[in-house]
Amino acid sequence: MARQRKNAGSTSNLNSDSNKKGSRQNKNGTSSSSASSATTTTKARKIGNRFIAMTQWRVIFGCSALLIASYFGYIGYLETRVNTPFDNQKMVQRTGLNDPERYWGSYRPGTYFGLKTRDPHSLVMGMMWYSPHKVRSNGDGIRHWCELGDNLQKYGWIQHDGKNFGYQEIHDYPLLLTTSFIKFPGKQYGGDWTARISVANKNPQRKERVGILWYVALDEKTDGDIWTSYEHSETPQIMGESVGLGVFKLSFHKVNGTVLHTSYARTFAPSLQYLRETIRMHLNMRGELFEHEGGLDKPKPNFIAVQFFVEAPFVLDISYQSRSGFSIVENIPEPSTGDAYTKELNNKQKDYSAKFESIFGLKRKGYGNEEILFAQAALSNMVGGIGYFYGSSRVQSTYTKEPVPYWKAPLYTGVPSRSFFPRGFLWDEGFHGLLITDWDIDIELDIICHWFDLMNVEGWIPREQILGVESLAKVPEEFVTQRNTNANPPTFFITLKKILTKYSKQLTLKGRLSTLERLYPRLQTWFAWYNSTQKGDLPGTYRWRGRDEKTQRELNPKTLTSGLDDYPRASHPTSAERHVDLHCWIAYAAGVMADLSHILGRDDTKYRETFSYLSDNLLLNRLYLSPYTETYSDWGLHTDSVVLKYPPPKKDKSGQWQQSEMIRVILKEPEQRFVDSTFGYVSLFPFLLELLESDSQHLQKVLKDLRNPNLLWTDYGLRSLSKTSPLYMTRNTEHDPPYWRGQIWININYLALKALYHYGSQPGPYTEEAQKIYVELRQNLVTNIFKQYKRTGYIWEQYNDRTGEGSGCHPFTGWSALVVLMMSEQY
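Read in the numbering used here, the sequence shown has 790 at position 790, and its numbers run on one by one without any break.
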């Protein structure tokens, strides 16, 4: 504007000067005044035009700048969406000290025996043990975290109620350790508890000396202090004070046995993941823990371990007492130890057995005592494997160049395996909920609430939760980052379906209906996220994201997001793929959303119509039924002529010949087609999720194929991939053994039993056939899982389709514990 005012002033002055000089004639007789006026007008016009042009350029420039700023602002907005929480009321309403009954617990499933509180920065406690002659310089031989490499003969919870007590056996030949705990709720900080560690020697030929340690450790953010004391005791006690616990005391009580040496170390551990290594640094040549107090030049001690070097047999009680709220120390109640603890433990175990029978009724079904104890252990390991984690995931979206941290949050969840997967997995947890719901519906609702508090504003939930240093230490780097394009089967809808149908009368109690009210908008957003991010190119189709279309190492690019990992899909991933299992998951979810909407008094029209559309058998047949094999299949760019081969060796810089790892070689170009040469679990999904009509001729075909020993049927359960499939039991890379390519998986077998039970109870031409197969399959599964448990001491991740032997990791008391529901026939 300043420049415009200056130009206008100059024009005015020119006109004024011309008028003062008077008129002069030019050669053409035109007065000089007129010529001057014309010249002035021309100049003014030029200046005006220049001004208009400049103004236009300013407008264009300003608009462009605004657009650019808006663009980058929008990109910045998109970048932050991946780690922005869902904008609604928090699901978890009662946690920490607001839920004192579940404040303390065995919430460290990755340790053999560990306790903590449901507090984001809880101090942690736990047990270690070792035989001196087995300890190595790197700490190996000291038992702490559950490790497959420890090669224990058996370990796991025998009984655990999920709240107030647990009893566990650990077989580490020649030692048999039993650990237990009982909580005594009350007081200001969640009450007191007593834990017991018993050690027996199973080899009478030699004496066994054992180091038993109980430790207390502060994590990196715990606001508190711990120290040792000998208050009215000959053995060291651990005292402490923290924000989450107030003042507390931990005491040790020998019940029976011989103590050879007692000592403690109060020191600094750099992280919770290095507690075992810290202990190893403080063992002397005899394997005894030498007393140590952190020096003045060291960081503030955050780790205390008390060691009892004993001769088995030996029994030790550890009592935890909260001292807050008592003005006089003498008024603090004495802990329950010794005979009093034994009596209390016996009562807890009797109550547990009575509750177990009232829920599952295995005795009424004719099962023997050994089988009932097995089922109790399966349930207890799932419930006892519930952990409490806190931290932030590492996530990435298409709008972030690098991974970014998710917001920090807690997660209360079951885990698939204490040894190999001691963290939360989204699609596993839906299966866990089927069993946990029957045992304690409020525990399951609490788990669901925690998971859905991890949903971002887009409606995405990271499928693998790696929260805290102990969890992170167990995960290979390549699996840490979670990407918001990637889904996982929405199995929580199966749990919700069970809650809505089996427990509908109980929803009005204890505020459960209000929990579902809070959950509803999150479920709506979650469902919408699947429909928008996982949709296929054709209307009504869906495909899993996350497949690597550029891989040269994998025989068939994995589909980790489907939960079925290396199960064969189209050999060449493209956007035109159609995945039948995902279609069925979305259809099933729409049906559950319709049911929930109806119960909550909401409009269910949209979800009911979506379910009707997606579950329409004509649509399923048109999109996924191969006309050649009459089996349900994926669709995509595919060829079966793919092999792994070594490329020609190459010389390295030193001139030596080097052989690279195997790469995949395409022997025949792919074409758009049904992936119908592959028959397995994916082919069953319209049946597994009960979308097929009971009188459909295709149901008859599914039942026939399911029972065919050359396809999926075995004496131990349904194999994941038929023996006729090209990739049956083949490696997917030079290093990766087959995973979902023939092995028997219990979660899918449970869905098969559930579907057979459903179709066997529906009127139709195939009712009797479904009932017959149901009886056979259930018998095969239960018999083999129990047999392998007796033989090996464990429930397994998967089972061999030829021998029935357990394989994969162990103990796997995530969805494999669904054997309890198979035994009780609770679907």
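For glycine and all other residues, C-beta sits at the position ideal for the given N, C-alpha and C.
If only complete runs of 4 or more residues are kept, the stretch 464-528 shows the alpha helix (DSSP H) at 469-472 and 492-502, in order along the chain. Taking the Cβ atoms as the reference, Y728 lies roughly 25 Å from L818, outside the contact range of under 8 Å.
By the CB criterion at 8 Å, Y367 and M823 fall inside the cutoff.
By alpha-carbon distance to V315, the top candidate from V216, A409, S229 and G211 is G211.
Linking Y827 to G760 through their CA atoms gives a straight-line distance of about 13 Å.
Annotated as distal: R545 and W635, with beta-carbon spacing of 8 Å or more.
P185 sits away from P270, with the two beta carbons spaced by 8 Å or more. Proximity to R707 across L777, W585 and F374 peaks at L777, based on C-alpha coordinates. Contact annotation: L175 and I197 have beta-carbon atoms that are not nearer than 8 Å. CA-CA distance, S393 to K651, rounds to 42 Å. Burial of G680 is indicated by the presence of at least 16 other C-beta atoms within 10 angstroms of its C-beta.
Burial state of H735 is exposed, judged by a 10 Å Cβ sphere holding fewer than 16 other Cβ atoms.
Between V310 and V259, the C-beta spacing is below 8 Å.
Around the beta-carbon of D428, 16 or more other beta-carbon atoms lie within 10 Å, marking it buried. Y155 is bridged by DSSP to I170.
Taking C-alpha positions only, L509 is separated from G387 by approximately 26 Å.
About 5 Å separates the CB atoms of L152 and D172; that is less than 8 Å, so the two are in contact.
Separation of D438 and I359 (C-alpha to C-alpha, rounded to the nearest whole angstrom) is 7 Å. Between A755 and L718 the beta-carbon gap is near 11 Å, outside 8 Å, which marks them as no contact. Taking C-beta atoms as the reference points, M127 and K116 fail to come closer than 8 Å. In the structure shown, the three-state DSSP call for I663 is strand.
Taking C-beta atoms under 8 Å as the contact rule, Y794 and G808 fail to qualify, at a distance of about 10 Å.
When the five nearest sequence neighbours on each side are left out, the beta carbons in the same chain lying within less than 8 Å of the beta carbon of V782 are those of V819, M822 and M823, in order along the chain. Residues of the same chain with a CB within less than 6 Å of the CB of G190, apart from the 5 flanking positions on each side, are P100, Y103 and W104 in chain order. If you look at H758, you'll find it isn't in any beta strand (DSSP E); it sits in the alpha helix (DSSP H) that goes I746 to G760. Between the alpha carbons of R569 and P416 lies a distance of about 25 Å.
With a contact defined as Cβ atoms closer than 8 Å, E470 and G166 miss out at about 19 Å. Here E671 has L637, H638 and T639 as same chain residues with Cβ atoms under 8 Å from its own Cβ, once five neighbours each way along the sequence are excluded.
In this structure, DSSP gives W635 an extended state, which the three-state scheme calls strand. Taking the Cα positions, V580 is about 11 Å away from T631.
Between the C-alpha atoms of L619 and L245 there is a straight-line separation of about 59 Å. The beta carbon of G591 sits closer than 6 Å to the beta carbons of F611 from its chain, once the five residues preceding and following it are set aside; these are given in chain order.
Pairwise C-beta distances place the stretch 448-463 in contact with the stretch 80-95, as three or more of them are shorter than 8 Å. Out of E477, L623, K355 and V216, the CA that lies nearest to the CA of L272 is found in V216. When the beta-carbon positions are compared, F389 and L362 stay at least 8 Å from each other. Nearest Cα to R731 within the set P120, N556 and P403: N556.
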